[in-house]
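Novice: Protein chains in written order, with our numbering: chain H, 1 to 245; chain R, 246 to 490.
Glycine is no exception: its CB is placed at the ideal position from the N, C-alpha and C atoms.
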DNA sequence: ATTGCTCTTTGATGCAGATCAACAAGAAAG
DNA sequence: CTTTCTTGTTGATCTGCATCAAAGAGCAAT
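1) Under 8 Å between C-beta atoms, does residue 264 (chain R) make it to chain H?
2) So which residues on chain R does residue 248 (chain H) lean against when the C-beta distance must stay under 7 Å?
3) Does DSSP classify residue 292 (chain R) as helix, strand or coil?
4) Tell me, please, whether the CB atom of residue 71 (chain H) is closer than 8 Å to any CB atom in chain R?
5) Bridge partners for residue 99 (chain H) per DSSP, in chain order?
6) Indicate the three-state DSSP secondary structure (helix, strand or coil) for residue 236 (chain H) in the structure shown.
7) With residue 149 (chain H) and residue 105 (chain H) assumed to form a contact (beta carbons below 8 Å), what rounded beta-carbon distance in angstroms separates them?
8) Roughly how many whole angstroms lie between the Cα atoms of residue 320 (chain R) and residue 213 (chain H)?
9) Does the structure place the stretch 208 to 222 of chain H close enough to the stretch 155 to 166 of chain H that three or more beta carbon pairs sit under 8 Å?
10) Looking only at its own chain, which residues have a Cβ that is under 6 Å from the Cβ of residue 194 (chain H), when we skip the five neighbours before and after it?
11) Which of the residues in the stretch 351 to 383 of chain R, read from start to end, lie with their CB under 7 Å from any CB of chain H?
12) Go ahead and pull the three-state DSSP assignment for residue 260 (chain R).
13) For a cutoff of 8 Å on Cβ pairs, would you count residue 299 (chain R) as touching chain H?
14) Got a sec: is the Cβ-Cβ distance from residue 304 (chain R) to anything in chain H below 8 Å?
15) Which class does residue 161 (chain H) belong to by DSSP, given the choice of helix, strand or coil?
16) For residue 93 (chain H), name the three-state secondary structure that DSSP assigns.
17) Give a yes or no on whether 8 Å exceeds the smallest Cβ distance from residue 183 (chain H) to chain R.
18) Just to confirm, is the Cβ distance from residue 345 (chain R) to residue 303 (chain R) under 8 Å?
19) Since residue 353 (chain R) is in the alpha helix (DSSP H), which residue starts that stretch and which ends it?
20) Which residues in chain H sit within 7 Å of residue 501 (chain R), going by Cβ to Cβ distance?
21) I'd like to know if residue 406 (chain R) contacts chain H, where contact means its C-beta is closer than 8 Å to some C-beta of that chain.
22) Cβ of residue 466 (chain R) within 8 Å of Cβ of residue 429 (chain R)?
23) Got a sec? Which residues, its chain only, sit under 6 Å from residue 3 (chain H) by beta carbon, not counting five neighbours each side?
24) From which residue to which residue does the beta strand (DSSP E) around residue 61 (chain H) run?
25) Return yes when the Cβ of residue 356 (chain R) is within less than 8 Å of the Cβ of residue 281 (chain R), no when it is not.
26) Near residue 358 (chain R), which residues of its chain fall below 8 Å by C-beta distance, leaving aside the five closest residues on each side in sequence?
27) Run through the DSSP bridge pairs and tell me what residue 37 (chain H) is partnered with.
28) With 8 Å set as the bound, which would you pick, yes or no: does the beta-carbon of residue 98 (chain H) sit closer than that to a beta-carbon of chain R?
29) Going by DSSP, which residues form a beta bridge with residue 186 (chain H)?
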């Protein structure tokens, strides 16, 4: 089920300025354009199985995917949420360490691993950008460790909503005018997997935050945030939300 | 309290082949040698405060340091354990995101940030190695997310011992001949901060693992592991311990 | 030897979140 | 319109770990 029809120009790409190719000059981009190919995945489909040989790396162009780890007895923990422009795969490693699953329909811009590695060795701009993105991912993972290890269920939910709001808002921390609203890209169960909770606890805490006026729900997915500061307070973050750059 | 007397040659450095300089040629090493300087920190001393301007980056040469995050009400979560050869600091970022604290006496090989960044831009070997190390750190952080989000207290303790054993053994997963023993570099409280537990729970689970013959204790710090497979089983990891490379 | 540390162990009790269970609300299929 | 499936909500109960509390063990200083 692959849609290979789209032969988009890199210049028009919606993630051109944020993905691993962000720093590339036009000639470098032209070379990438030659080796790239698009793949589409349906919602629910597994993109990469943990332990499998990785034959490609790539960027999420549209849609949302998750990175998860599963124990033998079935306990699951999501270890990353992949939004458009996020990079998938690890150059220099043969086997995937985590499952990658499409949560919505996903289009990826892929490169076979070997040509990409060669390209990376020859193109410092790609390696530089990948380093920058990896350092960001590492900081995000470490923030998540605080959440998983020390926050209460209520704080976890508030943090998740705040983080998704921040990422959807294009990294603007504050946006006081008008009421923020966030379209949660996750089911209750996926939220639970991300937060280290059960889906019942997620549901209960969502209801509690709604009852206390911290959020409003419109359907199951659309969350409105009347007061972002209030939400951040509930999240237990210091006021600035931890954006340093 | 800085010991600046040691003017070690990079060629003799104990972390020469594993640190950020691992891939450097002799001429590159010579340039690094010119801008490096050593700093010593006493056990318990804070090396970097979260939020402070980072004026230097560097590698742990000897000793053990921790990376921690603290909430306003005092809840703490360790987000990284820094052993010799690990890199501290983030090129391209002005302020530190986490506290770095010396757990034992620590010697660091430091570079002022700006010269190091310049050097990195000019020396692909350094950037390459840093990318590789950062990707490893990211994988480790994600493994830790599974531990924090889904493992029981007993599994957490077993996992910690297994991971430290693996790192101390120089990344050899198995070493069946003779009994493994591990010198825990952490107090019970530090273990608790790392595992998202209280120190009482850590103490209880250590006692339980000892009672069940999974480990033996010699003093408070020295742990002997009669059967590594048994320990890995208790850790809830799949048998291979997750080493992919 | 005694005092005062810090670190660790162990016990008693309480609670946040897991587990078990039932039901509601759409949405898609017949 | 009814059936079935998926997803979410809510209630009742259980339990693993936190919390509160006290005491032991090792070690340095006096």
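Specialist: Concretely, from the data shown:
1) Indexing the second chain from 1 puts residue 264 (chain R) at position 19. Cβ-Cβ to chain H under 8 Å: no for residue 264 (chain R).
2) Absent from the structure is residue 248 (chain H), since the part of chain H shown begins at 1 and ends at 245.
3) One-based indexing of the second chain puts residue 292 (chain R) at position 47. DSSP places residue 292 (chain R) in strand when its eight states are reduced to three.
4) Residue 71 (chain H) sits at position 71 when you count from the first residue of the first chain. It does: the Cβ of residue 71 (chain H) has a partner Cβ on chain R nearer than 8 Å.
5) The sequence position of residue 99 (chain H) within the first chain is 99, counting from 1. H:68.
6) Here residue 236 (chain H) corresponds to residue number 236 of the first chain, with the count starting at 1. Coil, per DSSP.
7) Taking the first residue of the first chain as 1, we reach residue 149 (chain H) at position 149. Taking the first residue of the first chain as 1, we reach residue 105 (chain H) at position 105. Their Cβ separation, rounded to whole angstroms, is 34 Å, which puts residue 149 (chain H) and residue 105 (chain H) out of contact at 8 Å.
8) As a position in the second chain, residue 320 (chain R) is number 75, starting the count at 1. As a position in the first chain, residue 213 (chain H) is number 213, starting the count at 1. Distance between the alpha carbons of residue 320 (chain R) and residue 213 (chain H): 26 Å.
9) yes
10) Taking the first residue of the first chain as 1, we reach residue 194 (chain H) at position 194. Take residue 194 (chain H), set aside five residues on each side of it, and the residues of its chain with a beta-carbon closer than 6 Å to its own are 78, in chain order.
11) 369, 372, 373, 375, 376, 377, 379, 380, 382 and 383
12) As a working mapping, residue 260 (chain R) is identified with position 15 in the second chain. Three-state DSSP puts residue 260 (chain R) in coil, outside helix and strand.
13) Position 54 of the second chain, counted from the first residue, corresponds to residue 299 (chain R). Cβ-Cβ to chain H under 8 Å: no for residue 299 (chain R).
14) The residue you call residue 304 (chain R) lines up with position 59 of the second chain. Answer no: the Cβ-Cβ gap between residue 304 (chain R) and chain H never drops below 8 Å.
15) Taking the first residue of the first chain as 1, we reach residue 161 (chain H) at position 161. Of the three classes helix, strand and coil, the one that applies to residue 161 (chain H) here is helix, per DSSP.
16) On the first chain, residue 93 (chain H) is found 93 positions in, with the first residue counted as 1. If DSSP states are grouped into helix, strand and coil, residue 93 (chain H) belongs with coil.
17) Translated into positions along the first chain, residue 183 (chain H) becomes position 183. No, its Cβ sits nowhere closer than 8 Å to a Cβ of chain R.
18) Taking the second chain and counting its residues from 1, the one referred to as residue 345 (chain R) is at position 100. Taking the second chain and counting its residues from 1, the one referred to as residue 303 (chain R) is at position 58. Cβ distance not < 8 Å, so residue 345 (chain R) and residue 303 (chain R) don't count as in contact.
19) Here the question's residue 353 (chain R) lines up with position 108 in the second chain. Note, residue 353 (chain R): premise wrong, no alpha helix (DSSP H); beta strand (DSSP E) at 351 to 357.
20) Outside the displayed span of chain R (246 to 490) sits residue 501 (chain R), for which this structure offers no information.
21) Mapped onto the second chain, residue 406 (chain R) falls at position 161. Not closer than 8 Å to any Cβ of chain H, the Cβ of residue 406 (chain R) fails to qualify, so no.
22) Here residue 466 (chain R) refers to the residue found at position 221 of the second chain. Here residue 429 (chain R) refers to the residue found at position 184 of the second chain. Yes, Cβ-Cβ distance for residue 466 (chain R) and residue 429 (chain R) is below 8 Å.
23) Position 3 of the first chain, counted from the start, is the residue given in the question as residue 3 (chain H). Its pLDDT being 44, under 50, residue 3 (chain H) is placed unreliably by the model, and the measurement read from it follows with that caveat. Contacts found: 40.
24) Translated into positions along the first chain, residue 61 (chain H) becomes position 61. From DSSP, the beta strand (DSSP E) with residue 61 (chain H) extends over 56 to 62.
25) Walking along the second chain from the start, residue 281 (chain R) turns up at place 36. Walking along the second chain from the start, residue 356 (chain R) turns up at place 111. The Cβ atoms of residue 281 (chain R) and residue 356 (chain R) sit closer than 8 Å to each other.
26) Here residue 358 (chain R) corresponds to residue number 113 of the second chain, with the count starting at 1. Cβ within range, chain order: 299, 300, 301, 302, 334 and 336.
27) The count along the first chain starts at 1 and reaches residue 37 (chain H) at position 37. DSSP output for residue 37 (chain H) lists H:110 as bridge partner(s).
28) The count along the first chain starts at 1 and reaches residue 98 (chain H) at position 98. Residue 98 (chain H) counts as touching chain R.
29) The residue given as residue 186 (chain H) occupies position 186 in the first chain. According to DSSP, residue 186 (chain H) bridges with nothing at all.
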